[in-house]
C-alpha cells in the first residue's frame, strides 16, 4: 500500500464503509529470537509508518476517519528470563501453546498458573481449558524468544489503545522554514570565518517563518564562537535569493585537532537542534605568535 499508485489506492476505499489495514511491524520483529531486541525500534517505525499512511490515504483516497488500535500488547524484559521463571509441561498437554498461555483439555497444575475455559471467554460451550501464568512467568516453549512475550493476562498484554483520528478535509500540514549549510567546510583554519547558508524552501502558506541561533561548540558543549541569529522569512522562489552568509569569531584558545567540534543551529522558538555539522579546528593559538602581548 505504501507504493501503490493513487488510482489503485483510491479504488480500495471507494464505496466501502470499513477497510481493515493490518500492520505487523512489531510482532514480525519481536516474535523472532534473532530480532526481538529490536522491538522498540520497530515500535517507533510502526508509529511513523502508520502516521505516514494516514496522511497519504487522506490526501489521495478521500478518506478522513481512521481508528488505530492493536490486537494485543506485550511484555519486554531486557534480561534473559531465568530457567526458574519458565513453567515446564505445557507443550505436552496442549493443542495450542504459547509462552503466556495454553489451550488444552486439562488444566496445567503449577504454582502461579490460573485457569478459565474458552467458553467463558467467548460466551460459547467450548470446554477447553485456558491456562495462563498470573505473574510474568512463561511456559517453556521450544524455539521461542526470551525477551518479548504476549498472550497473557497482564494489563500490558490485554489493554490496547484505540486512537480515533479525524482528518480535516483540505487541511494542509505546515512546517517551519529550514536552513542548511552550503559551504563545503570540514576544517576551520582561522579565528574569523565566514560560511554560506541557504533557506531550503520559501515561506508560504504551509512553510512558516522561524528564527535560528547558529554557532560553534566543542564536544563538551562549550560555545567557542559568537552566536548568529537567522530569521528564516524569505519568500523568494529563486534559491539564490535565499542564500546568506554568516560571520563567526572564534575564541582565542588552543584547539585540539583530534577532538570533535560542531557547527550547530537551534530553533529559537522551541530550542530544538536542527543542524549539527562536525568540523576540525586547525587553528594556531594566536598568543603563540605574540599577537596579544
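In the numbering used here, the protein residues as written are 39 to 331.
Ideal Cβ positions, reconstructed from N, Cα and C, are used throughout, including at glycine.
Please read all numbers here as calculations on a predicted model, not as lab measurements.
*What did DSSP end up calling residue 140 once you bin it into helix, strand or coil?*
Looking at residue 140 - three-state DSSP - the assignment turns out to be strand.
_Determine whether the beta carbon atoms of residue 286 and residue 222 lie at a separation below 8 Å._
No. Outside cutoff.
_Could you compute how far the alpha carbon of residue 134 sits from the alpha carbon of residue 184?_
The C-alpha of residue 134 lies about 19 Å from the C-alpha of residue 184.
_Residues sharing a beta bridge with residue 259, DSSP_ = In the DSSP assignment, residue 259 is bridged to no other residue.
*Per DSSP, residue 70 forms a beta bridge with which residues?*
DSSP, once it has assigned bridges, lists no residue as partnering residue 70.
_DSSP three-state assignment for residue 328, whether helix, strand or coil_ = Note that residue 328 scores a pLDDT of 43, beneath 50, so its modelled location is shaky; the value from the coordinates is reported in the next line. Note: residue 328 maps to coil in three-state DSSP.
*asked:* At the level of alpha carbons, what is the spacing between residue 247 and residue 316?
replied: Rounded to the nearest angstrom, the two C-alpha atoms are 26 Å apart.
*Taking only the alpha-carbon atoms, compute the straight-line gap between residue 64 and residue 164 and give it to the nearest angstrom.*
Rounded to the nearest angstrom, the gap between the Cα atoms of residue 64 and residue 164 is 31 Å.
*By Cβ distance, which residues of its chain are closer than 6 Å to residue 212, with the 5 residues on each side in sequence left out?*
Around residue 212: 244, 246.
_Under DSSP, the beta strand (DSSP E) around residue 319 begins and ends at which residues?_
Looking at the DSSP string, the run of the beta strand (DSSP E) that includes residue 319 is 311-319.
*Taking Cβ positions, are residue 235 and residue 281 nearer each other than 8 Å?*
Yes, they are a contact pair.
*Cα-Cα separation between residue 43 and residue 62, rounded to whole angstroms*: One alpha carbon belongs to residue 43, the other to residue 62, and they sit about 22 Å apart.
_Going by C-alpha to C-alpha distance, which of 239, 250, 101 sits closest to residue 276?_
It is 239 whose Cα lies nearest to the Cα of residue 276.
*asked:* Quick check: what's the CA-CA separation for residue 217 versus residue 85?
replied: Between the alpha carbons of residue 217 and residue 85 lies a distance of about 27 Å.
*asked:* Between which residues of its own chain and residue 172 is the CB-CB distance below 6 Å, once the five residues before and five after are set aside?
replied: Within the same chain, residue 172 has close Cβ partners 150, 152.
*Segment contact, 8 Å Cβ cut-off, at least three pairs: the stretch 67-87 with the stretch 122-132*: Two segments are said to touch when three or more pairs of C-beta atoms, one from each, lie closer than 8 Å; by this definition the stretch 67-87 does not touch the stretch 122-132.
*asked:* I'd like to check one pair, residue 191 with residue 170: are the Cβ atoms closer than 8 Å?
replied: Against a cut-off of 8 Å, the Cβ pair of residue 191 and residue 170 comes out as a contact.
*Roughly how far, in whole angstroms, is the beta-carbon of residue 187 from the beta-carbon of residue 137, given that I think they are within contact range, below 8 Å?*
With 8 Å as the limit, residue 187 and residue 137 qualify as a contact, their Cβ atoms being about 5 Å apart.
*For residue 99, count neighbouring Cβ atoms within 10 angstroms of its own Cβ and tell me buried if that reaches 16, exposed if not.*
Around the CB of residue 99, 16 or more other CB atoms lie within 10 Å, so the residue is classed as buried.
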